[in-house]
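Engineer: Got a structure for you, questions after.
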Amino acid sequence: MSESMTQRILDSIHASGASKSNFLNRIKEVYGAKSTDSLENGYMEVFVKPEFEDDMVAMQRIANEIEIMNLRTFVNRAQIFFETYECPHHPDYKAEAETMRKTFEYHAINQSAPRGLLSWCVRLELSTTTLIEKNMQVSTIYRKLMEHHPKLYIIYTDDNAEEVVIRISLDEDVFGRVPVVDQFVVYDFMHTKLLNVVIRGVDGIMSASVLTEFVPRTVVQPDGSMRLIRKHIIRTQGTNLTAIINNSAVDVYNTASNSIVKIPELYGIHAAPMKMIQCLRELSGTDINIKHYTLIADTLTANGFVSNIERAGFAESNPDNAILSISYSHPIQTITEAALNNEERAVHSNVSSALMMGTSPNVGSNYNGVMMNERFISEHTKTASDILDDL
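Here it is as structure tokens:
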């Protein structure tokens, strides 16, 4: 495994762009058991249930549902005007504002403009293309804005308008105890709060796209023959496995994240070594015997949690083992702390401890509690010649 990784690292030196550092960073993430938030390129491969897997329209709809979309996603242009709700002044948008106000008040009979509105108006021009592509309606955006900021007074055009526009009047309670509401305060509110309101999607999923014929699968035909097919999946940028598996259209048994730490939280510790083996094979290749991957994965998960191969994980997996810690680093400091704490530990508990003390470790096939009855085995074992003689 080390030889394979060394070659991959040497190959990455000649690469350019992001691929030059991606391999090294991924090694650190896998062996270091980095948290989900620490992943440089967290992603998920989302499989859908069989009834949706061949329907590209349905898969795109599911991708749109899980991709996080804030208001900024749909806004082409944002403007701030110093004008009241009843008396718009900007010459380019005065007629538009009057038409929107009359139309909105005509349809929203029981909804009138509240008192105390400030002389500030935010005009948002939405992208019609993005609205259609993401299957989003202006009324949905309106409802989400009101959920997050109920003190706003919002009017908007129809989805089929030539220009889809939202005009937002601000109540004085929006800014709390701010003594003076000027253009800088309104600008800060618009960019830090208003445009960041989540309209739809799963937190942490920056984007989601449908990859056609991406995952190969072997299917048994009715006549017993095997046929290779390729499944469509949804690849996400960002990961939030907890929220994704709650989606009724998602196949929870095949959907996975590249975050090793997150897997045991949802599927149990037995799933963690399998995920680690998968990640290691992606890094080092499939030509290496799987026993090597299994040994590392089982060692790093033997204590019931995913530990890292670095010093922090070493100390976490083997607490109060001073001799083992000495073999890693900082011997003087470790010996001093062990002496002050009156620690005791068996020397032959592992390979490194025994070698540090100059003795042979009691580890291996010669040091186990298994008793083998060689006579019984020889009497009940058949060779190839015995089987042929029986025929």
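For what it's worth, the UniProt record's numbering labels the leading residue of the sequence shown as 1, then goes sequentially. Even for Gly, the Cβ is constructed at its ideal location relative to N, Cα and C.
Cβ atoms of I263 and A271: under 7 angstroms apart, would you say?
Structural biologist: yes
Engineer: Within a Cβ cutoff of 6 angstroms, which residues of the same chain sit near N76, ignoring the five residues on either side of it in sequence?
Structural biologist: E125, S127
Engineer: DSSP on V165, reduced to helix/strand/coil?
Structural biologist: strand
Engineer: Along the chain, where does the alpha helix (DSSP H) containing A384 start, and where does it finish?
Structural biologist: 384–390
Engineer: Between the Cα of D203 and those of I66, I245, I277, A256, spot the shortest distance and give me the residue it belongs to.
Structural biologist: I66
Engineer: Determine the closest residue to L131 out of C121, S119, R200, with distance taken between C-alpha atoms.
Structural biologist: R200
Engineer: Hey, is the stretch 214–234 in contact with the stretch 83–101, meaning 3+ C-beta pairs nearer than 8 angstroms?
Structural biologist: no
Engineer: Could you tell me the distance, in whole angstroms, from the CA atom of M44 to the CA atom of T239?
Structural biologist: M44 and T239 have their C-alpha atoms some 6 angstroms from each other.
Engineer: Would you call the stretch 131–149 and the stretch 157–164 touching, i.e. three or more CB-CB distances under 8 angstroms?
Structural biologist: By the Cβ test, the stretch 131–149 is in contact with the stretch 157–164, since at least three Cβ pairs between them sit closer than 8 angstroms.
Engineer: Could you give the first and the last residue of the continuous alpha helix (DSSP H) run that contains E337?
Structural biologist: 331–340
Engineer: Roughly how many angstroms lie between the CA atoms of S19 and R26, to the nearest whole one?
Structural biologist: Annotation note: pLDDT 49 at S19 (below 50); position unreliable, coordinate value reported separately. A straight-line Cα-Cα distance of about 11 angstroms links S19 and R26.
Engineer: Between the stretch 46–66 and the stretch 325–343, do at least 3 Cβ pairs fall closer than 8 angstroms?
Structural biologist: no
Engineer: Taking its Cβ as the centre, do 16 or more other Cβ atoms sit within 10 Å of S169, making it buried, or is it exposed?
Structural biologist: buried
Engineer: Which value, in whole angstroms, describes the spacing of the CA atoms of V306 and M274?
Structural biologist: 12 angstroms
Engineer: Where does N373 sit, in a helix, a strand or coil, going by DSSP?
Structural biologist: Looking at N373 - three-state DSSP - the assignment turns out to be coil, as it is neither helix nor strand.
Engineer: Alpha carbon to alpha carbon, what distance is there between N196 and A78?
Structural biologist: 13 angstroms
Engineer: May I ask you to verify whether the stretch 347–354 touches the stretch 303–323, counting CB pairs closer than 8 angstroms and requiring at least 3?
Structural biologist: yes
Engineer: Pairing CB atoms from the stretch 170–188 with CB atoms from the stretch 36–55, are three or more of them under 8 angstroms?
Structural biologist: no
Engineer: May I ask you to verify whether the stretch 22–39 touches the stretch 291–310, counting CB pairs closer than 8 angstroms and requiring at least 3?
Structural biologist: yes
Engineer: Ignoring anything shorter than 3 residues, give me the beta strand (DSSP E) runs that lie fully in the stretch 14–67, in order along the chain.
Structural biologist: 43–46
Engineer: Identify every residue that forms a DSSP beta bridge with M81.
Structural biologist: The residue you asked about is not Met; residue 81 is Phe in the sequence shown. DSSP lists C121 as partners of F81.
Engineer: Under a Cβ-count criterion, where at least 16 other Cβ atoms within 10 Å of its own Cβ denotes burial, should N289 be classed as buried or exposed?
Structural biologist: Around the beta carbon of N289, fewer than 16 other beta carbons lie within 10 angstroms, which makes this residue exposed.
Engineer: Just to confirm my understanding: we take K94, look at its own chain, exclude 5 residues before and 5 after, and list those with CB closer than 6 angstroms. What are they?
Structural biologist: P88
Engineer: Check whether the Cβ of V46 sits closer than 6 angstroms to any heavy atom of the ligand NAD, and report yes or no.
Structural biologist: Questions concerning the ligand NAD fall outside what the structure shown contains, since it holds no ligand whatsoever.
Engineer: Would R123 and R167 be called neighbours here (beta carbons separated by less than 7 angstroms)?
Structural biologist: yes
Engineer: In angstroms, rounded to a whole number, what distance separates the CA positions of R375 and K382?
Structural biologist: 13 angstroms
Engineer: Exposed or buried, L117, counting other C-beta atoms within 10 Å across all chains shown (16 or more means buried)?
Structural biologist: buried
Engineer: Where does L195 sit, in a helix, a strand or coil, going by DSSP?
Structural biologist: coil
Engineer: Between which two residues does the alpha helix (DSSP H) carrying T140 extend?
Structural biologist: First-last of the alpha helix (DSSP H) with T140: 138–148.
Engineer: Report back the beta-carbon spacing between residue 402 and V215 to the nearest angstrom; my notes put them in contact at under 8 angstroms.
Structural biologist: The question about residue 402 has no answer, for the chain in this structure spans 1 to 391.
Engineer: Can you give me the start and stop residues for the alpha helix (DSSP H) that Y187 sits inside?
Structural biologist: Judged by DSSP secondary structure, Y187 falls within the alpha helix (DSSP H) whose first and last residues are 183–189.
Engineer: Assign M372 to one of two classes, buried (16 or more other C-beta atoms within 10 Å of its C-beta) or exposed (fewer than that).
Structural biologist: Counting of Cβ neighbours within 10 angstroms places M372 among the exposed residues, the total staying below 16.
Engineer: Counting along the chain, where does the alpha helix (DSSP H) carrying R72 start and finish?
Structural biologist: 71–74
Engineer: In the DSSP assignment, what are the bridge partners of S207?
Structural biologist: Q237
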